[in-house]
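Data block below; observations after.
Chains as they are written, first to last, in the numbering used here: chain Z, 21 to 156; chain R, 781 to 1257.
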């Protein structure tokens, strides 16, 4: 899955793969909306960065301390743009920006998995792509 | 002989045969038969082609309480774009709202069973006035039509600023249906103003003929002055109060988006006319006990469907996202008061008039002991009210009698502002020397009022609120 600037424009909102949609707040766009930051989108466009949205899971308490830990942990992953991390506890979602010219999305996700594993948590990127996004 | 026996036998057989068959059963067709319901709906489409110009368009839309007759077109093209704008929910209370169609409530869609709705929405939350952009950022939004039977994951998906979503659905059931933004946090999106109504008429029309038709949408606002002190047109801008929202403690409960709005602008009717109200409670968290003083609902169609009929009702109970059509006769000249009979809600602004007069007289309301406004509009007094209700009600009341501490109705008439300021600033010091303070302590069984650690600004807000209470006689001691 290639993340591009074009993807950035659509990653924010277009569900292309049918995720398991359970109820309000559980479908793809609802998760993205929970961490959506318009200024981050605008900044990423200017700096040619790519936004990645991930679902996190694991035996973590849903409180402010967990949110802080997640922000710190994700921000420390090599390739993540400083100040770009946003975390939602409910629905459990992460947003980050990275420079696709320097870091591959798969490598970043793998590194993130390693960091989160310390507390038994996982993260998997949401399927946002340009492959079938029919922009008029 | 044989013939006689044969005849008797035939008669008996025919009687038995008739008894076995019983009376003829008439087959009644079910209007909601699954085979008659249209469930086909093509997938929603997304694009980055923005709508420009008006935020709402379509012949099926109604922008005010008064409803236009049904547009006969079988396909209703409905454009409702999202926007962020400042609205005035009460005199001087300019609220940072999120909208459909650039108004709160959003325009009312009117259709008929079997009609197709072709819906289109651009998220234009990034088109804001500078005043708005200081207090709210562009964000994702979505549309959830309760009138539709479609996959939420396809049609109700959230879209980013600048995107447009389009989809179609057929309305299968008559009723008054809510629409709202379904993007997390849904509570915040609805409380910020993202809601409206879809009226779906029965295929054959309503069984009665009404002279007047109005839509009444009840909702709550949870607001506070912007903590950062931003202003719009020189007045403080109000923002969503998340704490009050989560605690279901509204600052205003209103009809059609404005505190006491239909008192100032009554719904018009003449004596002898039949009025049909389409009432929807969108909440997001409170129940409505909708009542009209001075008349009886001849017919109530729960959820706006004539199949759910009740007669001769005084009040109709509507949970959040419930609705009803109520019809009543206007018996004689006068102003008939629409209220949420949960009077705490009415006192927050859920009040309006159906009037045979152009301008209702204040006495029309006072007759029923309902203040036109029991919420201050001055920002300081309003902040004081909020603080009082969240911190002081455990020990004090306003006009409800003594609790652990004194009833504070009339306190500004009994004490000077300087005394109140000193008392609120340091009650423990006052108790050492002030005879009034000592008397209060004795009256409270020697339970001293604790020092609340209030700032001078906070004390000024409390006192502004107490003055407002005494000026308006909100509750009599």
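Even glycine gets a Cβ: it sits at the ideal position worked out from N, Cα and C. Since we're looking at a predicted model, the values are computed, not measured.
Would a C-beta distance cut-off of 8 angstroms place residue 861 of chain R and residue 902 of chain R closer than the cut-off?
It is a contact, given that the beta carbons lie within the stated cut-off.
Beta carbon of residue 835 of chain R, beta carbon of residue 890 of chain R: below 8 angstroms?
No, the pair does not count as a contact, with Cβ atoms beyond the cut-off.
Does any residue of chain Z bring its CB to less than 8 angstroms from the CB of residue 1115 of chain R?
So no, residue 1115 of chain R is outside the interface.
Return the chain-ordered list of same chain residues with a C-beta closer than 6 angstroms to the C-beta of residue 43 of chain Z, the five sequence neighbours on each side being excluded.
Summary for residue 43 of chain Z: the model assigns pLDDT 37, below 50, so the residue's position carries little reliability; its value from the coordinates is reported in the next sentence. Counting only Cβ-Cβ distances below 6 angstroms, and skipping sequence neighbours, we find nothing.
Say whether chain Z places a C-beta atom closer than 8 angstroms to the C-beta of residue 917 of chain R.
It does: the Cβ of residue 917 of chain R has a partner Cβ on chain Z nearer than 8 angstroms.
Could you tell me which uninterrupted alpha helix (DSSP H) segments, each at least 4 residues in length, are contained entirely in the stretch 853-920 of chain R, listed from first to last along the chain?
Listed in chain order, the complete alpha helix (DSSP H) runs (minimum 4 residues) inside the stretch 853-920 of chain R are 910-913.
Do we get a CB-CB distance below 8 angstroms when we pair residue 937 of chain R with the residues of chain Z?
Cβ-Cβ to chain Z under 8 angstroms: yes for residue 937 of chain R.
Counting only runs that start and end within the stretch 1069-1129 of chain R, where is the alpha helix (DSSP H) found for 4 or more residues in a row?
Runs found: 1123-1126.
Whose C-alpha, out of R:1050, R:984, R:912 and R:947, is nearest the C-alpha of residue 1293 of chain R?
This structure does not reach residue 1293 of chain R, given that chain R is present from 781 up to 1257, and the question cannot be answered.
Nearest chain R C-beta to residue 54 of chain Z closer than 8 angstroms, yes or no?
Cβ-Cβ to chain R under 8 angstroms: yes for residue 54 of chain Z.
If you check the beta carbons only, do residue 915 of chain R and residue 1017 of chain R fall under 8 angstroms apart?
Contact flag set, yes.
Just to confirm, is the Cβ distance from residue 1060 of chain R to residue 1103 of chain R under 8 angstroms?
Against a cut-off of 8 angstroms, the Cβ pair of residue 1103 of chain R and residue 1060 of chain R comes out as a contact.
With H, G and I counted as helix, E and B as strand and the rest as coil, what does DSSP make of residue 113 of chain Z?
Strand at residue 113 of chain Z.
Going by the beta-carbon positions, is the gap between residue 1085 of chain R and residue 953 of chain R smaller than 8 angstroms?
In this structure, residue 953 of chain R lies closer than 8 angstroms to residue 1085 of chain R by Cβ.
What do you get for residue 1024 of chain R, buried or exposed, if any count of 16 or more other CB atoms within 10 angstroms of its CB means buried?
Answer is buried; the Cβ neighbour count reaches 16.
Here's the rule: buried if 16 or more other CB atoms are within 10 angstroms of the residue's CB, otherwise exposed. What is residue 1009 of chain R?
Exposed: under 16 other Cβ atoms inside 10 Å.
Check the Cβ-Cβ distances between residue 59 of chain Z and every residue of chain R, and say whether any is below 8 angstroms.
At least one chain R Cβ lies under 8 angstroms of residue 59 of chain Z.
Is DSSP giving residue 66 of chain Z helix, strand or coil here?
Note: residue 66 of chain Z maps to helix in three-state DSSP.
Please report the straight-line C-alpha distance between residue 882 of chain R and residue 960 of chain R, rounded to a whole angstrom.
Cα to Cα, residue 882 of chain R sits roughly 14 angstroms from residue 960 of chain R.
Just to confirm my understanding: we take residue 112 of chain Z, look at its own chain, exclude 5 residues before and 5 after, and list those with CB closer than 7 angstroms. What are they?
75, 76 and 77.
Per DSSP, what kind of secondary structure is residue 1246 of chain R in: helix, strand or coil?
Reduced to three states, the DSSP call for residue 1246 of chain R is helix.
Counting C-beta neighbours from all protein chains within 10 Å, is the total for residue 1225 of chain R 16 or more, i.e. buried, or is it exposed?
So residue 1225 of chain R ends up on the exposed side.
With H, G and I counted as helix, E and B as strand and the rest as coil, what does DSSP make of residue 923 of chain R?
Residue state, collapsed to three classes: coil.
In whole angstroms, what is the alpha-carbon distance linking residue 1146 of chain R and residue 1117 of chain R?
With a pLDDT of 46 at residue 1146 of chain R, under the threshold of 50, the modelled position of that residue is not reliable, and the figure given next carries that caveat. Taking the straight line joining both Cα atoms gives about 11 angstroms.
From the beta carbon of residue 147 of chain Z, is the nearest beta carbon of chain R less than 8 angstroms away?
Taking Cβ atoms only, chain R never reaches closer than 8 angstroms to residue 147 of chain Z, which makes this a no.
Suppose you measure from the CA of residue 924 of chain R to the CA of residue 978 of chain R; what does that come to, to the nearest Å?
Each residue's alpha carbon lies about 11 angstroms from the other.
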